[in-house]
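Notes follow the structure.
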């Protein structure tokens, strides 16, 4: 059971994992997987369950010379997953604590900043104070 919303656990790909992020796209999955694997975490990725959809549309009944034809239900083709859940096998991992505790490093050895984690800046410049930027 999670202590709070920031520290969730789930089974991802059949393994109990600490959740890093939910409902992320494929590019974000690749970014997180590369970063976390570099920091020696075992990453598990699973397609997120599709959102609950409205009932399937039913084609209206048509009449042919006064006889009513039955309504035809058109099955919906399942789409490829567009969002994923990313988790790590280390149950003590918490993304908030990892970022602000300066635990994660980039591939060039600098500490991961919040802007880097959110992919707003592709260079982690944690040593320059925010008020000097």
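Numbering (the numbering used here), first residue to last: 1097 to 1229. Glycine is no exception: its CB is placed at the ideal position from the N, C-alpha and C atoms.
#1: So residue 1125 is in the beta strand (DSSP E); what residue range does that whole segment cover?
#2: Check whether the region 1178-1197 and the region 1123-1134 are in contact - that is, three or more C-beta pairs closer than 8 Å.
#3: Using only the alpha-carbon positions, how far apart do residue 1144 and residue 1191 sit?
#4: Quick one: is residue 1189 buried, meaning 16 or more other Cβ sit within 10 Å of its Cβ, or exposed?
#5: Using the beta-carbon count (16 or more within 10 Å), is residue 1187 buried or exposed?
#6: Mind checking whether residue 1203 and residue 1220 have CB atoms under 8 Å apart?
#7: Is residue 1180 helix, strand or coil when you go by DSSP?
#8: Let me know if residue 1111 comes out buried or exposed under the rule of 16 or more other beta-carbons within 10 Å of its beta-carbon.
With the structure as the only source:
#1: Translated into the one-based positions of the chain shown, residue 1125 becomes position 29. Unbroken run through residue 1125 is the alpha helix (DSSP H), 1122-1134; no beta strand (DSSP E).
#2: yes
#3: Sequence index remark: in the chain shown, residue 1144 carries index 48 (1-based). Sequence index remark: in the chain shown, residue 1191 carries index 95 (1-based). In a straight line, the C-alpha of residue 1144 is about 19 Å away from that of residue 1191.
#4: Position 93 of the chain shown, counting from 1, holds the residue named residue 1189. Buried, since its Cβ has 16 or more Cβ neighbours within 10 Å.
#5: Position 91 of the chain shown, counted from the start, is the residue given in the question as residue 1187. Exposed, by the Cβ-count rule.
#6: Taking the first residue of the chain shown as 1, we reach residue 1203 at position 107. Taking the first residue of the chain shown as 1, we reach residue 1220 at position 124. No. Outside cutoff.
#7: Translated into positions along the chain shown, residue 1180 becomes position 84. In this structure, residue 1180 counts as strand in the three-state DSSP scheme.
#8: As a working mapping, residue 1111 is identified with position 15 in the chain shown. Flag for residue 1111 reads exposed.
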